[in-house]
Structure formats: C-alpha cells, structure tokens
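Just so it is clear: in the sequence shown, position 266 is 322 by the numbering used here, and no numbers are missing.
Glycine included, C-beta positions come from ideal geometry on N, C-alpha and C.
Here the structure is a predicted model, which is why all the values come from computation and not from measurement.
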Amino acid sequence: MRRMSEDIQPAGDRSSWISSWLPTWCPTSPAQLRNAEEKMLKTVQRPYSRQHVRISNGNNLWTIAFSTHLLPSSPPPLNWPPAQSRTPLVLLHGFGGGLALWAQNLDAFSSRGPVYALDLLGFGRSSRPQFSTDPGEAEEQFVTSLEEWREKVGLEEMMLLGHNLGGYLAAAYTLKYPNRVKHLLLVEPWGFPARPENPNHYSIPVWIRAMGAIMSPFNPLAGLRLAGPLGPMLVQTIRSDFKQKYSSVLDDNTVSDYIYHLNAQTPSGETAFRNMTIPYGWAKRPMLERIHQVQAHIPISFIYGSRSSIDSRSGCALKETRPEVGITVIRGAGHYVFADQPEDFNQTVLQMLAKTEEKRS
C-alpha cells in the first residue's frame with residue numbers, strides 16, 4: 057500500500073547564488089529531507105499513499121492520503137486504498153513544519169474516514185516558488201494553491217484543520233471558498249489578533265528587541281542556514297523538547313533531523329511568512345478582523361494548549377459574536393498540542409468531527 061510515486065524534484069524553485077551555495081554550506085538536500093520524512097512516517101501503522109499533486113505554474117504539493125480514491129489525474133500504479141463515505145479531513149501544518157509532524161495523529165484520524173495531509177506551498181517537499189512581497193497577494197497564493205490542490209484531488213468538501221500558520225490559511229481559504237469547508241478546526245492559530253496600538257516593548261528582553269531589529273530584513277530561519285554544519289546540532293539543542301514530544305514512538309534524533317531538513321532548504325514559504333508579518337510575529341492582515349465573515353452554517357472550533365504562549369482570547373472574542381463557536385483547552389499541552397498530548401488531541405478532534413457528521417445526517 058505504501059508504494060512511492062515517482063519522486064519528482066519540486067518545480068517552481070528559484071535558483072540564485074544563495075540557493076546554489078546553501079547545499080555546500082548546509083548539510084541538507086531534498087533526498088535527506090525525504091529520508092527524514094520516511095523515518096517519521098514509519099511510526100504510522102495504517103496504509104497510506106503519497107504523491108506530488110501538480111497545480112499551476114509547474115508547482116506541486118506533496119501529499120499523503122489515507123483511505124481515498126486514486127487521484128483522478130494520477131496514474132494507476134499509485135494504488136490508493138478504497139474510499140470511505142465520510143467527509144475527508146485535510147491537515148495543514150504550521151510555520152516551519154511538514155506533514156510528518158502529524159505522525160502521532162494519522163492513525164487515529166484515518167480510523168474515522170479519509171485523511172489528507174500535505175506540505176503547504178513553499179514548505180517541506182512541496183514546490184518552493186517565489187511569493188509576492190505584498191501580504192495580501194502572498195496569502196492569496198497560498199489559498200489558490202490549496203484550491204487547485206482540492207480540484208486535482210477531486211474533493212467536493214472537506215473538514216479543514218490547520219495549526220499555527222496552517223490555521224490562518226485554513227480560515228482564509230474558508231472565507232473565499234465557504235462551500236468547500238464543512239468544519240473549520242483551528243489549532244493554536246497564528247495571526248488572529250491585531251498588534252496592540254501601544255505594545256509593551258519593555259516586556260520583551262533588550263537582547264530580543266535588538267536581535268529583532270537586526271534580523272528584520274532577513275527570513276525568520278536565516279540563522280539556521282547561516283549555522284551551516286552546526287545547524288543539525290543547533291536544532292537538537294534549541295528544540296530538544298521535540299524529542300520528548302515524540303518519545304512514545306521515536307527514541308532518537310529523527311524529529312530534530314526532520315525539522316532541520318524542512319527548514320534548511322532554500323526559503324520560499326518562509327519568505328512569504330516574513331512578508332505577512334510585522335515585528336515580533338504580528339500579522340499584517342489580522343484574521344480576527346475577518347473571520348466573523350465565515351458563513352454561519354460552517355462550524356468553527358478552536359483548540360489550544362493550556363501551557364501555550366498563545367492564549368485563547370482570539371477564540372473567546374469570536375465566540376462573543378458567534379456563541380456556537382467551540383473552544384477546547386487541552387491540559388498539559390503547549391503550542392504543539394497535537395504532539396504534546398496526542399491522545400487527548402486525537403479524541404477531541406474525532407469528537408468534533410463526529411458532532412458535525414451527526415448534525416449533517
């Protein structure tokens with residue numbers, strides 16, 4: 057069931073002297089990213105298939121799928137598993153992430169019906185094109201790529217779940233294509249509140265303010281690539297918490313290796329994210345100013361971690377105008393709630409999806 061499709065070098069990448077220099081300085085490559093992803097996904101028990109789904113401008117989105125039909129435009133050798141009748145669940149990862157970070161959730165989610173997980177345009181093993189410097193146009197590129205992906209895969213409707221940046225983009229997609237989304241699930245979403253008019257800069261350490269001023273012209277993860285051969289060790293040291301998050305299924309540095317290879321490649325979606333933000337991570341186009349426009353028949357659910365630096369005020373603000381909005385806080389979880397407390401997270405999501413299916417039936 058896990059037959060690999062023909063491995064395609066993601067199209068749409070823009071070569072430059074920087075991108076040609078990075079591979080010699082950073083110990084990474086698309087092949088190493090592929091191998092790291094393979095190790096992550098070995099923990100998944102249920103059968104799945106995978107493919108680069110071609111969209112416009114020569115780009116493609118790397119996708120894995122559980123219990124689905126063969127893609128209409130794909131060749132027969134892929135041998136996708138039989139389809140089930142329930143509305144497919146589509147997973148969108150966050151900034152700097154990739155589809156394999158859902159490794160502890162895929163078996164549970166696919167037990168209820170079809171599941172798709174994809175690398176966002178500009179991230180992971182998907183194409184890394186040049187994005188517009190305009191924040192609205194960059195957002196539109198992300199949303200358009202997701203709609204083209206939906207059309208190619210052949211989905212009429214979906215349950216859309218996004219974490220961090222993926223939550224922001226899931227909301228943006230739902231605003232533009234409301235007839236395609238049957239439930240919007242926002243997991244620790246980025247970019248919802250507007251920047252305060254008088255932010256308390258003095259609550260931010262001086263050294264962080266200084267580094268923010270110095271690094272503002274650069275991509276958020278430029279330091280990782282500048283570290284060169286020290287990059288993998290840097291990730292292992294700074295994000296040592298990820299080893300603990302996946303300790304129940306992995307007992308080595310597989311997760312940190314995967315995160316390194318995800319983000320040491322030529323930046324693309326990362327650049328788009330930078331263009332969509334203002335200093336210290338605020339969105340230039342705050343989603344909270346628009347999400348109330350989501351059509352009333354579409355359920356919206358927020359999931360937060362009790363130990364996360366992102367609080368639930370955005371969800372609560374929307375709930376004031378839409379009382380039916382669901383807000384769940386999972387105890388003992390941080391920002392990566394799906395990895396911190398995977399069993400509680402999985403059950404929470406499955407219960408939310410079941411309620412939506414019950415109402416529809």
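State the beta-bridge partners of residue i as determined by DSSP.
| i | result |
| --- | --- |
| Gly218 | Leu148, Leu242 |
| Ser105 | Ala121 |
| Gly382 | Ser357 |
| Trp338 | Ile334 |
| Asn116 | Arg110 |
Cα separation between residue i and residue j?
| i | j | result |
| --- | --- | --- |
| Leu409 | Val171 | 12 Å |
| Ala139 | Arg168 | Caution applies to Ala139, whose pLDDT of 45 falls short of 50 and renders its modelled position unreliable; the model cannot decide the point. |
| Gly210 | Ala194 | 25 Å |
| Phe401 | Leu277 | 28 Å |
| Asn220 | Ala389 | 14 Å |
| Leu240 | Thr230 | 8 Å |
| Ala395 | Ile111 | 30 Å |
| Pro245 | Gly223 | 5 Å |
| Met214 | Asn161 | 18 Å |
| Asn309 | Thr377 | 45 Å |
| Leu39 | Phe151 | Given that the chain is displayed from residue 57 to residue 417, the structure contains no residue 39 and the question cannot be resolved. |
| Pro131 | Met343 | Note that Pro131 scores 42 on pLDDT, short of 50, meaning its location in the model is unreliable and no value can be drawn from it. |
| Tyr233 | Glu196 | 12 Å |
| Gly325 | Gly247 | 15 Å |
| Leu282 | Tyr316 | 13 Å |
| Lys238 | Val146 | 11 Å |
| Ser370 | Val385 | 13 Å |
| Ala328 | Ser188 | 7 Å |
| Gln107 | Tyr314 | 19 Å |
| Gly154 | Glu413 | 28 Å |
| Gln88 | Pro252 | 42 Å |
With residue i and residue j assumed to form a contact (beta carbons below 8 Å), what rounded beta-carbon distance in angstroms separates them?
| i | j | result |
| --- | --- | --- |
| Ala227 | Leu148 | So it is not a contact: roughly 10 Å between Cβ atoms. |
| Ser201 | Leu117 | 6 Å |
| Leu242 | Ile356 | 7 Å |
| Phe165 | Val350 | No, Phe165 and Val350 are not in contact; Cβ-Cβ is about 23 Å, not under 8 Å. |
| Val291 | Ala159 | Not a contact, Cβ separation roughly 17 Å. |
Using DSSP with H/G/I as helix, E/B as strand and the rest coil, what is residue i?
| i | result |
| --- | --- |
| Val305 | coil |
| Val100 | coil |
| Val237 | strand |
| Leu155 | helix |
| Val350 | coil |
| Arg387 | coil |
| Ala228 | helix |
| Asp313 | helix |
| Ser370 | helix |
| Leu39 | For residue 39 there is no data in the structure shown, the boundaries of the chain being 57 and 417. |
| Leu50 | Since the first and last residues shown for the chain are 57 and 417, residue 50 lies out of range. |
| Ala320 | coil |
| Glu345 | helix |
| Leu282 | helix |
| Arg363 | coil |
Please decide whether residue i counts as near chain C, where near means a Cβ-Cβ distance under 8 Å.
| i | result |
| --- | --- |
| Phe394 | You won't find chain C in this structure, because it holds only one protein chain. |
Compute every distance between the C-beta of residue i and the non-hydrogen atoms of the ligand FAD, then say whether any falls below 7 Å.
| i | result |
| --- | --- |
| Ala159 | Ligands in the displayed structure: none, and consequently the ligand FAD is not present. |
Counting only runs of 4+ residues fully inside the segment 157-208, write out the alpha helix (DSSP H) ranges in chain order.
For the segment 157-208, whole alpha helix (DSSP H) runs of length 4 or above, ordered along the chain, are 162-166.
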